[in-house]
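What follows is one structure encoded as structure tokens, with my remarks underneath.
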Amino acid sequence: MKELKAENFLKYDYSTNGSIHEIDIQAFQAFKIESVLLEIKLNEIPKFWRGADYKWHPLLLTNQVANYHSPKLLKVSSGDYLLGMDSKGCWEWDAINKVLNWYLIHPDLNPTFQYNKDDKRDWIKEISVGSSWSMKLRLFSGKGPIPELARTPLGFIPTVSFTDHCDFDTPRLLKCQRVFFKKAGIKTTKGFFTHTFSHKGEYAALDQESMKSEFQSWEEDGHELAYHALSRSFREESWKEFQNLKSPPDLQPIKTYIDHGFLPYNYTKQGSDNYLKWYRHMNDCGVKLIWNYLDVMEGTALTNNQLNPFDSSIKSISESLEYHKKEGLPVDKDRNTKTWLSFGTSEDFDKAVKNLSGNVIRLKKSSDFFIPTLKALGKTTIAALNPEIWIKNLFKKEEPFHFARFTPVFFRAIDQIETDIQVFQTVSVKDFDSVFSNISLNKLLDECGLMIAHTYFAYLGGNHPGRLFEDETGKIRLGAETSLSNLGNLIQQEKVWNPTAFELMEYHSKLFEAKILYENGKLIYENAPGPLRWIN
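Each step along the sequence shown adds one to the number in our numbering, with nothing skipped, and position 227 is 889.
What follows is the structure, encoded as structure tokens:
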């Protein structure tokens, strides 16, 4: 290792003791910054990278990464290894400059945005760091054997977790879901409303007659209950409901909160100056886990793994469509286009296209909308001229989207002082037939992948042909039943781990703290939360 670089608000100490390289980094003042990283220049260019799939890959490409959940391990031609002994931060190989970057602070390690008054996303670009911030890191270089830690308590297998949004739940569909999942052997994190209020019809909520016993039955079957905001729509007393929030009696303590819609008390509707107050309130209510309102990809048979950054790119969106055609899986061109608009363009262009589409539909019914449609077309054209869109789609199609670049699954909510609330992001799953088809499950198995699915089990719209239910009677669609039953079989055989979101976070919290020690010439894990094996 030739060189370490740091800015003038950090001090660091670097020492070598045989095979161990120790780096001690400390802030000597509070600061706000986009990134802090170690730029590690090696005496010998490594040949192989240990992937999140626990396989060796030729070290040819940039964007090969290793976050807290994956091995930080390189191999050189002599057979020697370079091992990150601490799980903190994320490694990224810079293939152009032949440099290993160890990112310790970066907005893409904690992807966070706030919805502005126009409900557009304003991404947080800088992270606040206190003067007490410090980091102790160690590297091992030398011969094996190297210990490798599984990211599940069941071993080196994939993880599938469900977080279901209750927007369309009725009492009947709630029960039908529960009965089906019990039969299939699948656990979920089930979102629920505490209060009945909706501008779009009446849906199930805890305050309705017999609903408490239904939700108790979900808990008895092993599911986790999570707040999905507190009501489907917002009204004057909603603020009071939020301020008086307490975990409901006769249910297990609710520890997970999932934003819904654009309700004013959502996490993603808070300004930076209100974060501390919001965190304190949620912590007092027992909430320890929240969603960042972000799907890193649209789930397909080809894009299903949050640990694979290349599943989340413009190229993967187009390839998914072709892959589904080739394999005879359902093809949804409209969904594919919406995914590209959301991820592969810009906020302004996405909004402009949706506004134009709405005006075109209204114009077909009335000529009164000719001028509004013309204006909407003009705004769409202007938005399309954004050079960023053209650069992304012409020259950066293979580049992972920024929020998937470092493959974060769980991370600490930004700018906390008194609390320790964790955040997760998800995969949008609307086509159960394809996402849990044998082809897709085989990919997850091969990659030892991970998916936290963001679902709407009770949605009945025809624009989701791969949905769970046939209709409001609760009849399960054959395609979804087949695919989810196959998943359930793998879960029962312990070939796939199926935790609730909070169970998964608790395990990953142990991965955050995992570290390797070097004692008596041997590498050993301290407090390994799961099974180990050895690479020799």
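Built from N, CA and C at the ideal position, the CB exists for glycine as well.
Can the beta-carbon of residue i be found closer than 8 angstroms to that of residue j?
i: residue 1172; j: residue 748; result: no
i: residue 732; j: residue 969; result: yes
i: residue 1081; j: residue 942; result: yes
i: residue 753; j: residue 734; result: yes
i: residue 1068; j: residue 1085; result: no
i: residue 838; j: residue 1136; result: yes
i: residue 1001; j: residue 1021; result: no
i: residue 934; j: residue 962; result: no
i: residue 701; j: residue 738; result: no
i: residue 674; j: residue 695; result: no
i: residue 950; j: residue 777; result: no
i: residue 713; j: residue 1197; result: no
i: residue 780; j: residue 924; result: no
i: residue 794; j: residue 690; result: no
Would you give the residue range spanned by the alpha helix (DSSP H) that residue i belongs to?
i: residue 945; result: 937 to 946
i: residue 701; result: Note, residue 701: premise wrong, no alpha helix (DSSP H); beta strand (DSSP E) at 698 to 702.
i: residue 904; result: 900 to 905
i: residue 846; result: 833 to 846
i: residue 1022; result: 1009 to 1027
i: residue 986; result: 976 to 989
i: residue 775; result: Element bounds for residue 775: not the alpha helix (DSSP H) but the beta strand (DSSP E), 775 to 777.
i: residue 1108; result: 1100 to 1109
i: residue 873; result: 873 to 882
i: residue 744; result: Premise fails: residue 744 lies in the beta strand (DSSP E), 743 to 746, not in any alpha helix (DSSP H).
i: residue 1046; result: 1032 to 1046
Rounded to a whole number of angstroms, what is the C-alpha to C-alpha distance between residue i and residue j?
i: residue 1018; j: residue 1004; result: 15 angstroms
i: residue 1214; j: residue 724; result: No answer is possible for residue 1214: it lies beyond the span of the chain, which begins at 663 and ends at 1198.
i: residue 680; j: residue 946; result: 48 angstroms
i: residue 1158; j: residue 813; result: 12 angstroms
i: residue 902; j: residue 704; result: 58 angstroms
i: residue 1204; j: residue 1066; result: Residue 1204 falls outside the range modelled here, since the chain spans only 663 to 1198, and no answer is possible.
i: residue 1153; j: residue 914; result: 24 angstroms
i: residue 1150; j: residue 991; result: 20 angstroms
i: residue 869; j: residue 1104; result: 42 angstroms
i: residue 1202; j: residue 852; result: Since the first residue of the chain shown is 663 and the last is 1198, residue 1202 is not available in this structure.
i: residue 1117; j: residue 1183; result: 49 angstroms
i: residue 966; j: residue 985; result: 13 angstroms
i: residue 768; j: residue 796; result: 15 angstroms
i: residue 1098; j: residue 1148; result: 8 angstroms
i: residue 857; j: residue 1042; result: 39 angstroms
i: residue 809; j: residue 728; result: 16 angstroms
i: residue 1139; j: residue 846; result: 14 angstroms
i: residue 884; j: residue 849; result: 6 angstroms
i: residue 1180; j: residue 685; result: 15 angstroms
i: residue 1189; j: residue 818; result: 18 angstroms
Between residue i and the rest of its own chain, which residues show a CB-CB distance below 8 angstroms, the 5 nearest in sequence each way excluded?
i: residue 721; result: 707, 708, 709, 710, 711, 736, 755, 757
i: residue 815; result: 1159, 1169, 1191, 1192, 1193
i: residue 996; result: 1125
i: residue 1087; result: 773, 953, 954, 956, 957, 958, 968, 1065, 1070, 1071, 1114
i: residue 1031; result: 1021, 1024, 1025
At what residues does the beta strand (DSSP E) containing residue i begin and finish?
i: residue 853; result: 851 to 854
i: residue 892; result: Residue 892 -> no beta strand (DSSP E), and no H or E assigned at all.
i: residue 1165; result: Premise fails: residue 1165 lies in the alpha helix (DSSP H), 1163 to 1175, not in any beta strand (DSSP E).
i: residue 731; result: No beta strand (DSSP E) holds residue 731; DSSP gives it neither H nor E.
i: residue 804; result: 796 to 804
i: residue 764; result: 761 to 767
i: residue 996; result: From DSSP, residue 996 is part of no beta strand (DSSP E) but of the alpha helix (DSSP H) over 995 to 1006.
Who are the Cβ neighbours of residue i in its own chain at under 7 angstroms, not counting the five residues just before and after it?
i: residue 877; result: 854, 868, 887, 913
i: residue 890; result: 827, 828, 853, 854, 855, 920, 922
Short of 6 angstroms in beta carbon distance, which residues of its chain neighbour residue i, apart from the five on each side in sequence? Order them along the chain.
i: residue 897; result: 859
i: residue 665; result: Reliability of the predicted coordinates at residue 665 is poor, the pLDDT of 43 falling under 50, and the value obtained from them is presented with this limitation in mind. Cβ neighbours of residue 665 beyond the five flanking positions: 703.
i: residue 929; result: 921, 952
i: residue 1119; result: 826, 839, 1130
i: residue 1037; result: none
Could you tell me whether the region 755 to 773 touches the region 786 to 798, where touching means 3 or more Cβ pairs closer than 8 angstroms?
yes
Between the region 800 to 810 and the region 1092 to 1103, can you find at least three pairs of beta-carbon atoms closer than 8 angstroms?
Because the criterion of three Cβ pairs below 8 angstroms is not met, the region 1092 to 1103 and the region 800 to 810 do not touch.
Using 8 angstroms as the Cβ pair cut-off and three pairs as the minimum, do the region 812 to 830 and the region 1106 to 1117 touch?
The region 812 to 830, when compared against the region 1106 to 1117, does touch it at the 8 angstroms Cβ threshold.
I'd like to know if the region 974 to 985 and the region 1010 to 1024 are in contact, where contact means that at least 3 CB-CB pairs between them fall below 8 angstroms.
Not touching, per the Cβ criterion.
With a threshold of 8 angstroms, are at least 3 pairs of Cβ atoms found where one atom belongs to the region 904 to 921 and the other to the region 1032 to 1052?
no
Validate contact between the region 847 to 867 and the region 829 to 837 using beta carbons, cut 8 angstroms, 3 pairs:
yes
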